[in-house]
Amino acid sequence: MSPSQLPTRSEYLKTWRGGGGKVCAVFPAQYPKELLWAHEVLPMEVWDPPQEPARATGHLQPYICSVVRQGLELLLAGGMDEVGAILFPHTCDSLQNLASLVADYLEPPAPSLFFYNPKAPFAAAAQSFYVARLQALDEELSLIFGPAPEGALEEALEWSRRLAGLYARAYARRAAGELKAGAAEFYAVLRGGEYLHPRDYVPLLEAWLERASATEQGRGAALLMSGVLPGPPDLLETLDDLGLRVMHDDLISMSRRLLYPPPEAGDPYEALARSFLAMPPCSTRGSSLAERLAWLKKLARESGAQGVVFSVVKFCEPELFDLPELRRGLKQAGLPSLVLEVDVNQEVGGQAATRLEAFGEMLS
Amino acid sequence: MSLSAKARMQFMKDLGFPAMLALAKKTRGKRRPRQANPDFGPPLKCAGRLKEIMTRHYYLSRFAPGARPVAWVTSGAPVELLRAFDFYTMYPENHGALCGAQKMGPELCEAAEQEGYSPDLCSYARVDLGHFFSGKTPAGKLPKPDLLFCSNNICQTVVYWYKVLAHRLNIPLVLFDTPFNYGEINDTDIAYMKEQLLEMIPVLEKVSGKAFDLERLLKLAELSKSASQLWGQCLETMRARPAPMTIFDAFIHLAPVVSLRGLPVARDYYEILLAELTQRVAQGIGAITNEKKRLMWDNIAVWYKVRDFSELFAARGMNFVAATYTNAWAETIQHLDMSHPWESLAKTYSLVILNNNLEHRLKLMEKMVGEYAVDGLVVHSARSCKPYSLGQYDLKRLLSQRLGIPAVVIEADITDYRFFSEEQALTRLEAFFEALEAA
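Sequence lines, in order, name chains S and L. Each residue of the first sequence is one higher than the one before, counting from 2 in our numbering. Each residue of the second sequence is one higher than the one before, counting from 4 in our numbering.
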């Protein structure tokens, strides 16, 4: 399978709905996807829809980030008209208020669901709180979509375990230079998980891993990417064109959510809570800078990355606050870094390409 | 804590500061008094007392390290718990407001930006970090903290900001995580918050070296409740016509309820302020001389423009009589119940305006418009504050439609005036004045 063989989001949704499938639009970032799968609901993640933000500007100030802006634009443009619910995890101040704005005043096409994640450093009470939140969400999903069939949650957790294993394999192979795929291909394939049901996605991912597994000879400088999203698309293409190798990432939409410790056997809610609390450190979950720095250094060390590229969405407070201390700590550890401030779906342009090229040359 | 540091602090409290104050009064006596602005009524007499209290607080803070444990605290955190361990508390947001009012915002923000902090980040945070990096402050010197105490009931930003301080200073950060109220608060949330408060106790005992005393906490919480209730009553005097003070006064006079909540000095101060305001109401003394229109303010103050705005509006006979911002330190205090201290602390701090959905805010604003007989609304879209600002365009539209009052949005920032366009703001305000005068 190549990325071009992945069904597009619109094709897949059409087929899914055509078969009577239910859909829930999900805003960033961490959420218990297993609960949705258990209710036979397809989560359709809303990170960077390619709309021109025209309608959203009437509701949002210019200093609100493009993830929020584009997400609202998709909703206002009718892109969520056929979903059964809209889920808003509590990720940051802007998404928190967007959730309230949509639910309270914008007459959304489907009921809004809210999911508050506890923030780090996690109190001992966080586990039981998270379990109670899962149960509450489960009940709300039952009211909207009907109860989950017997054993469906356990089955969803099994899908989650399989996916976690595949993600871990993809990342490990790339870090070891055993994956013949550039950044554009790698992320195009892995982002399939944002809208494909694991029943369809797991075989595709397995096939891709099989095909793409080959010793990749080192070419340009080896990088670690951090930030929000693996993009914009032309950024990944630029990296590939320049021969720069992304060995690992610390992106909110990617490894910080995908490389989770899979839920274990036993009570499914307790298992999901333990999984959430043990996820990699993330600014949006309140992880300390020491944790984040140690994590970045570990990823760089294990993947052989020589430097870090931070691709940060403009106005993204959680990421922008962490940035200076992370860069300082990385520098002390001998890891240079480069910051690209981007808007989702906006081309990074020639200047960014020049900076990346210079950064790559410096690392080589 | 060292005995010599304690003795030094006590000396400064008993003798040093009073002597300094006496000297300052003598010097001030020689200054020419500022010419009175005919648009305003007589100034509040207790403004002098307020200045004295806040100056004393900042001055004595210099002598706190070594004498008492020092904590930097966010404005919405349950400070009563810290007071039970005798922490000397500093409020970076209050310091940010002070720097903003002194027009030091850009200078301090730039100091943070030079360290890599984006100009798109909250300017309270940039001012504080700028002060941290440069040591510059109009308050002389701020004590380094032993502990950071933060609640995300006002925003997530404070968590990101305090994380930076905790990392740089290598000190504990205690977070009170308050689940956002998308709907009604529920038992799960309250239980989670209660557990967190209980978990904080060993950390606070370790840092302060003091054992927890529940009785002391209850007494302090009672003091805190009194101060907040009195503050609420002070604000309620502005229902009178003419209102005895303006919201621009209230922006300044809220400093004790923010920074000294839980101490006798805050309660005592609001007793004096309330007495003065009540007397002004009885005598028909207004904050402005010709109160024709009554306005409400939404969001934090534009600190570097408080005086200019107050004069601009007063000159047109317009008085701000209500604000969602100043109301925030009074609106939930009724939940504080000493028979259930932990649950009620959780409710008191979790139900504040910014930890609630927009519908809650709209209803609160509608209620305030009615209670304070508001004729128009000024919405400050504050670049620094996403939770206060995202949704304001719709709130403004809905309030205008439902209540038929004119409303205006001005784009500004709380302390960083590089993001404020005077011309643009004035153009919008002129149109607003016209609509208001025609109404």
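In this text, a Cβ means the ideal position worked out from N, Cα and C, and glycines have one as well.
> Out of curiosity, what's the CA-to-CA distance linking S/L135 and S/E35?
Replying inline: Position 134 of the first sequence, counted from the start, is the residue given in the question as residue 135 of chain S. Position 34 of the first sequence, counted from the start, is the residue given in the question as residue 35 of chain S. About 10 Å.
>> Please return the same chain residues whose Cβ sits closer than 8 Å to the Cβ of S/A266, not counting the five positions on each side in sequence.
In response: Here residue 266 of chain S refers to the residue found at position 265 when the first sequence is read from its first residue. Result list for S/A266: A272, in chain order.
> Which residues in the same chain have their Cβ closer than 7 Å to the Cβ of L/E225, if we skip the five residues on either side of it in sequence?
Replying inline: Working through the second sequence from its first residue, we reach residue 225 of chain L at position 222. Once the five neighbours on either side are set aside, the close Cβ partners of L/E225 are M341.
> Closest Cβ-Cβ distance between L/K209 and chain S: below 9 Å?
Replying inline: As a working mapping, residue 209 of chain L is identified with position 206 in the second sequence. Judged by the 9 Å Cβ criterion, L/K209 is not in contact with chain S.
> Relative to the C-alpha of S/A57, which residue among S/L107, S/R212 and S/L43 is closest?
Replying inline: Along the first sequence, read from residue 1 onward, the residue named residue 57 of chain S stands at position 56. The residue with the shortest Cα to Cα distance from S/A57 is S/L107.
> Residues bridged to L/F152 by DSSP?
Replying inline: Counting from one through the second sequence, the residue named residue 152 of chain L turns up at place 149. In the DSSP output, where bridge partners are listed per residue, L/F152 has L/V76 and L/V177.
> Cβ of S/L230 within 9 Å of Cβ of S/M248?
Replying inline: For the purposes of this step, residue 230 of chain S is identified with residue 229 of the first sequence, where counting begins at 1. For the purposes of this step, residue 248 of chain S is identified with residue 247 of the first sequence, where counting begins at 1. No, the Cβ-Cβ distance between S/L230 and S/M248 is not below 9 Å.
>> With a threshold of 9 Å between beta carbons, is S/N346 in contact with chain L?
In response: One-based indexing of the first sequence puts residue 346 of chain S at position 345. Not closer than 9 Å to any Cβ of chain L, the Cβ of S/N346 fails to qualify, so no.
> Cβ of L/Y163 less than 9 Å from any chain S Cβ?
Replying inline: Taking the first residue of the second sequence as position 1, residue 163 of chain L is located at position 160. Closer than 9 Å: yes.
> Counting only beta-carbon atoms, is L/S392 nearer than 9 Å to chain S?
Replying inline: Start at 1 with the first residue of the second sequence, and residue 392 of chain L comes out as number 389. It does: the Cβ of L/S392 has a partner Cβ on chain S nearer than 9 Å.
> Between the stretch 169 to 185 of chain L and chain S, which residues of the former have a C-beta closer than 8 Å to a C-beta of the latter?
Replying inline: A169, H170, R171, L176, L178, D180, P182, F183 and Y185
> What three-state label does DSSP hand L/C125 in the structure shown?
Replying inline: Walking along the second sequence from the start, residue 125 of chain L turns up at place 122. Reduced to three states, the DSSP call for L/C125 is coil.
> Where does S/D250 land, buried or exposed, given buried means 16+ other C-beta within 10 angstroms?
Replying inline: Residue mapping note: residue 250 of chain S aligns to position 249 of the first sequence, counting from 1. So S/D250 counts as buried.
> Any contact of the stretch 258 to 270 of chain L with the stretch 6 to 24 of chain L, i.e. 3+ C-beta pairs under 8 Å?
Replying inline: no
> Can you tell me whether DSSP reads S/V68 as helix, strand or coil?
Replying inline: For this step, residue 68 of chain S is matched to residue 67 along the first sequence. DSSP places S/V68 in helix when its eight states are reduced to three.
> From this set, L/Q38, L/G103 and L/W75, which residue's C-alpha is nearest L/P95's C-alpha?
Replying inline: Residue mapping note: residue 95 of chain L aligns to position 92 of the second sequence, counting from 1. Checked all of L/Q38, L/G103 and L/W75; the closest Cα to L/P95 is L/W75.
>> Run through the DSSP bridge pairs and tell me what S/E342 is partnered with.
In response: Residue 342 of chain S sits at position 341 when you count from the first residue of the first sequence. Paired residues: S/V313.
> What in chain L is Cβ-close to S/R328, meaning under 8 Å?
Replying inline: Working through the first sequence from its first residue, we reach residue 328 of chain S at position 327. In chain order: G119.
> When DSSP builds the beta bridges, which residues end up paired with L/Y91?
Replying inline: Residue mapping note: residue 91 of chain L aligns to position 88 of the second sequence, counting from 1. Its beta-bridge partners are L/V73.
>> Within 8 Å, do at least three Cβ pairs link the stretch 142 to 158 of chain S to the stretch 320 to 333 of chain S?
In response: no
> How big is the Cα-Cα spacing for S/L336 and S/P33?
Replying inline: For the purposes of this step, residue 336 of chain S is identified with residue 335 of the first sequence, where counting begins at 1. For the purposes of this step, residue 33 of chain S is identified with residue 32 of the first sequence, where counting begins at 1. In a straight line, the C-alpha of S/L336 is about 34 Å away from that of S/P33.
> Between which two residues does the beta strand (DSSP E) carrying S/D251 extend?
Replying inline: Working through the first sequence from its first residue, we reach residue 251 of chain S at position 250. Where S/D251 is concerned, the enclosing beta strand (DSSP E) stretches over R246 to L252.
>> Short of 8 Å Cβ to Cβ, which residues in the stretch 375 to 390 of chain L face chain S?
In response: S384, R386, K389 and P390
> Under 9 Å between C-beta atoms, does L/A80 make it to chain S?
Replying inline: As a position in the second sequence, residue 80 of chain L is number 77, starting the count at 1. By this cut-off, L/A80 is not an interface position.
> So L/V261 is in the alpha helix (DSSP H); what residue range does that whole segment cover?
Replying inline: In the second sequence, residue 261 of chain L corresponds to position 258, counting from 1. Per DSSP, L/V261 belongs to the alpha helix (DSSP H) from A258 to S262.
> In angstroms, rounded to a whole number, what distance separates the CA positions of S/E358 and S/L364?
Replying inline: Walking along the first sequence from the start, residue 358 of chain S turns up at place 357. Walking along the first sequence from the start, residue 364 of chain S turns up at place 363. Each residue's Cα considered, the two are about 10 Å apart.
>> In the DSSP assignment, the alpha helix (DSSP H) including S/R192 goes from what residue to what residue?
In response: Position 191 of the first sequence, counted from the first residue, corresponds to residue 192 of chain S. Here S/R192 belongs to no alpha helix (DSSP H), and DSSP marks it neither H nor E.
>> Which of the three DSSP states is assigned to S/L197 in this structure?
In response: Along the first sequence, read from residue 1 onward, the residue named residue 197 of chain S stands at position 196. DSSP places S/L197 in coil when its eight states are reduced to three.
>> Closer than 9 Å between beta carbons: that is the criterion. Which residues of the stretch 275 to 291 of chain S meet it against chain L?
In response: S284, T285, G287, S288, S289, L290 and A291
> When you compare only the Cα positions, how much space is there between S/A274 and L/F152?
Replying inline: Position 273 of the first sequence, counted from the first residue, corresponds to residue 274 of chain S. Position 149 of the second sequence, counted from the first residue, corresponds to residue 152 of chain L. About 26 Å.
>> List, from N- to C-terminal side, the beta strand (DSSP E) runs of 3 residues or more that fit wholly inside the stretch 344 to 390 of chain L.
In response: 379 to 385
> Between L/R59 and L/F20, which are expected to be in contact by the criterion C-beta below 8 Å, what is the C-beta distance as a whole number of angstroms?
Replying inline: Residue 59 of chain L sits at position 56 when you count from the first residue of the second sequence. Residue 20 of chain L sits at position 17 when you count from the first residue of the second sequence. Going by Cβ atoms, the distance from L/R59 to L/F20 rounds to 5 Å, so yes, they are a contact pair.
> Taking S/D344 as the reference, which of S/R302, S/P50 and S/E238 has the closest Cα?
Replying inline: As a first step, residue 344 of chain S is located in the first sequence; it is residue number 343 there, counting from the start. Residue S/P50 is the option with its Cα nearest to S/D344.
> Between the beta-carbon of S/V42 and the beta-carbon of S/V24, is there less than 9 Å?
Replying inline: In the first sequence, residue 42 of chain S corresponds to position 41, counting from 1. In the first sequence, residue 24 of chain S corresponds to position 23, counting from 1. In this structure, S/V24 lies closer than 9 Å to S/V42 by Cβ.
> Given a threshold of 16 other Cβ atoms within 10 Å of its Cβ, counted over all protein chains shown, does S/N98 qualify as buried or as exposed?
Replying inline: Numbered from its first residue, the first sequence carries residue 98 of chain S at position 97. By the 10 Å Cβ count, S/N98 comes out buried.
> So, does the CB of S/H249 fall closer than 9 Å to a CB anywhere in chain L?
Replying inline: Within the first sequence, residue 249 of chain S is the residue found at index 248, counting from 1. No, S/H249 does not count as interfacial toward chain L.
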